[in-house]
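Keeping their order, the protein sequence lines are chains A and B. In terms of full-length UniProt numbering, the first sequence has 46 at position 46, counting the first letter as 1, and numbering is strictly consecutive. In terms of full-length UniProt numbering, the second sequence has 84 at position 84, counting the first letter as 1, and numbering is strictly consecutive.
Protein chains: 2
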Amino acid sequence: MESKTVVNLLAALAQDTRLAIFRLLVVQGPAGMTVGKIGEMLAVAPATLSFHLKELNRAGLIQARQEGRFIHYAANFDTMNDLLRFMTENCCTAASCATEQENSCCG
Amino acid sequence: MESKTVVNLLAALAQDTRLAIFRLLVVQGPAGMTVGKIGEMLAVAPATLSFHLKELNRAGLIQARQEGRFIHYAANFDTMNDLLRFMTENCCTAASCATEQENSCCG
DNA sequence: ACAATACTTCCACTAACATAGAATCATGGA
DNA sequence: TCCATGATTCTATGTTAGTGGAAGTATTGT
Numbered sequence: 001m002e003s004k005t006v007v008n009l010l011a012a013l014a015q016d017t018r019l020a021i022f023r024l025l026v027v028q029g030p031a032g033m034t035v036g037k038i039g040e041m042l043a044v045a046p047a048t049l050s051f052h053l054k055e056l057n058r059a060g061l062i063q064a065r066q067e068g069r070f071i072h073y074a075a076n077f078d079t080m081n082d083l084l085r086f087m088t089e090n091c092c093t094a095a096s097c098a099t100e101q102e103n104s105c106c107g
Numbered sequence: 001m002e003s004k005t006v007v008n009l010l011a012a013l014a015q016d017t018r019l020a021i022f023r024l025l026v027v028q029g030p031a032g033m034t035v036g037k038i039g040e041m042l043a044v045a046p047a048t049l050s051f052h053l054k055e056l057n058r059a060g061l062i063q064a065r066q067e068g069r070f071i072h073y074a075a076n077f078d079t080m081n082d083l084l085r086f087m088t089e090n091c092c093t094a095a096s097c098a099t100e101q102e103n104s105c106c107g
């Protein structure tokens with residue numbers, strides 16, 4: 001995973017509303033949640049919500065699935081897993097920090 | 001770990017120069033590295049470097065140690081560990097993602 | 001005390017981000 | 001076809017972040 005990609009992923013999550021959206025979608029699992037429902041749960045205006053969903057989608061952290069006139073967004077666990085692996089390997093590996101290296105959350 | 005803290009930590013790392021600084025310091029271990037040396041390695045102007053070091057320090061990701069007229073900055077592994085734990089527990093926990101939950105990089 | 005070195009703060013500028021009302025697009029039902 | 005609904009895009013506005021030259025602070029050696 002490239003350093004530039006990592007920065008984009010971190011930037012995507014480094015915002016209150018977006019982190020909240022992502023955490024919400026993680027709980028929902030692959031089924032995801034409609035834009036309207038997300039907006040309702042988090043009390044975010046449609047335009048603002050759309051903006052943040054676009055950001056998360058662009059980063060690859062969530063993915064859209066159209067169903068009729070509803071759009072379901074779901075967390076992309078693979079991307080999150082890659083990010084966590086990078087962070088663990090590159091940001092937490094030193095003499096003082098080499099006890100347990102084997103991490104992995106989603107296989 | 002609070003959600004607001006997490007956003008601050010992610011924001012601190014979501015920048016090319018800062019991620020590079022942190023990764024560099026992680027490799028150096030507790031001994032850390034002087035500001036001058038960091039600037040030399042990454043080719044960053046003094047004022048810019050100082051700005052980013054301040055940001056990382058404010059987030060709690062690095063810590064300063066004065067030695068004579070040199071200031072050594074070292075990665076704060078505890079903070080990084082807490083962040084990784086939060087991310088694993090809150091951003092990667094769903095039906096489709098509950099295989100191995102036990103992660104931890106620095107004890 | 002003076003000069004040199006190591007960093008930081010100040011400042012001004014530019015670019016990027018966040019927000020939301022209004023307009024628009026797309027889908028499904030009457 | 002027309003309308004209602006779900007979601008996005010357009011547009012405007014305010015805020016925050018990143019950059020680096022110049023000036024300031026702190027420490028060491030002479």
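Glycine included, C-beta positions come from ideal geometry on N, C-alpha and C.
If we ignore side chains and look at the alpha-carbon of each, how far apart do V7 of chain A and F70 of chain A end up?
The straight-line gap from Cα to Cα measures roughly 31 Å.
Anticipated Cβ contact below 8 Å, V35 of chain A with L49 of chain A, distance rounded:
Confirmed, about 6 Å.
Where A74 of chain A falls, given that 16 or more other Cβ within 10 Å makes a residue buried:
The residue in question, A74 of chain A, is buried, as its Cβ has 16 or more Cβ neighbours within 10 Å.
If I follow the unbroken beta strand (DSSP E) through E67 of chain A, where does it start and stop?
Looking at the DSSP string, the run of the beta strand (DSSP E) that includes E67 of chain A is 62-67.
What would DSSP say about M33 of chain B, mapped onto helix, strand or coil?
The answer is strand: DSSP assigns M33 of chain B an E or B state.
Any beta-carbon of chain B closer than 8 Å to the one on R23 of chain A?
Any Cβ of chain B closer than 8 Å to the Cβ of R23 of chain A would place that residue at the interface, and such an atom is present.
Rounding to the nearest angstrom, what Cα-Cα distance links Q66 of chain B and A59 of chain B in this structure?
For Q66 of chain B and A59 of chain B, the distance between alpha carbons rounds to 19 Å.
Strictly by DSSP, which residues pair up with A74 of chain A?
According to DSSP, which records beta bridges pairwise, A74 of chain A is partnered with A:Q63.
What do you get for F77 of chain A, buried or exposed, if any count of 16 or more other CB atoms within 10 angstroms of its CB means buried?
So F77 of chain A ends up on the buried side.
R18 of chain A vs L56 of chain A beta-carbon contact at 8 Å:
Yes, they are a contact pair.
Coarse secondary structure for T88 of chain A, derived from DSSP in three states:
Helix at T88 of chain A.
Check the C-beta distance from M87 of chain B over to L84 of chain A and give it rounded, since I have them as a contact under 8 Å.
At roughly 6 Å, the Cβ-Cβ gap stays under 8 Å, so M87 of chain B and L84 of chain A are in contact.
So, is A64 of chain A buried or exposed, given that buried needs 16 or more other C-beta atoms within 10 angstroms?
Counting C-beta atoms within 10 angstroms of its own C-beta, A64 of chain A has fewer than 16 neighbours from the protein chains shown and is therefore classed as exposed.
Check each candidate in A:D82, A:I21, A:I62 and name the one with the smallest Cα separation from M1 of chain A.
Answer by Cα proximity: A:D82.
Who are the neighbours of N57 of chain B on chain A, taking C-beta pairs under 8 Å?
Neighbourhood of N57 of chain B in chain A, by CB distance below 8 Å: empty, with the nearest CB roughly 16 Å away.
Distance CB(C92 of chain B)-CB(M33 of chain A) smaller than 8 Å:
Not closer than 8 Å, so no.
Flag this pair as yes or no: are the beta carbons of L61 of chain A and A14 of chain A separated by less than 8 Å?
Not in contact: L61 of chain A and A14 of chain A (Cβ atoms no closer than 8 Å).
How would you write the range of the alpha helix (DSSP H) that T93 of chain B sits in, first residue to last?
Per DSSP, T93 of chain B belongs to no alpha helix (DSSP H) and is neither H nor E.
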